[in-house]
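Asks: Next up is a structure, given as structure tokens.
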Ligand SMILES: [Zn+2]
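In this note's numbering, the protein residues as written are 24 to 86.
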């Protein structure tokens with residue numbers, strides 16, 4: 024029988040949907056933000072919840 028499975032699963036469990044650093048919670052992200060602010064002042068960094076991966080990312084708003 025020449026029956027072939029056409030269902031080829033492409034699952035990469037270790038590959039995150041986003042290339043940005045992900046944080047489990049807003050508090051965790053805030054921690055990183057305060058660290059960045061200490062080292063690089065003048066940068067406005069915000070935390071937002073990603074709809075793709077469900078985790079939190081940081082974004083720096085530029086004018
Ligand atoms: Zn994401």
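For glycine and all other residues, C-beta sits at the position ideal for the given N, C-alpha and C. Note that the structure is predicted; figures quoted are calculated from it, not measured.
Within 7 Å: the Cβ of residue 43 and any heavy atom of ligand 1?
Replies: Yes, the Cβ of residue 43 comes within 7 Å of a heavy atom of ligand 1.
Asks: Would you say residue 80 and residue 43 are within 8 Å of each other, going by their C-beta atoms?
Replies: Contact: yes.
Asks: Would you mind working out which of 45, 61, 40 and 63 sits nearest residue 72, comparing C-alpha positions?
Replies: Ranking 45, 61, 40 and 63 by Cα distance to residue 72 puts 45 first.
Asks: How many Å lie between residue 82 and residue 58 at the Cα?
Replies: When rounded, the distance between both Cα atoms is 14 Å.
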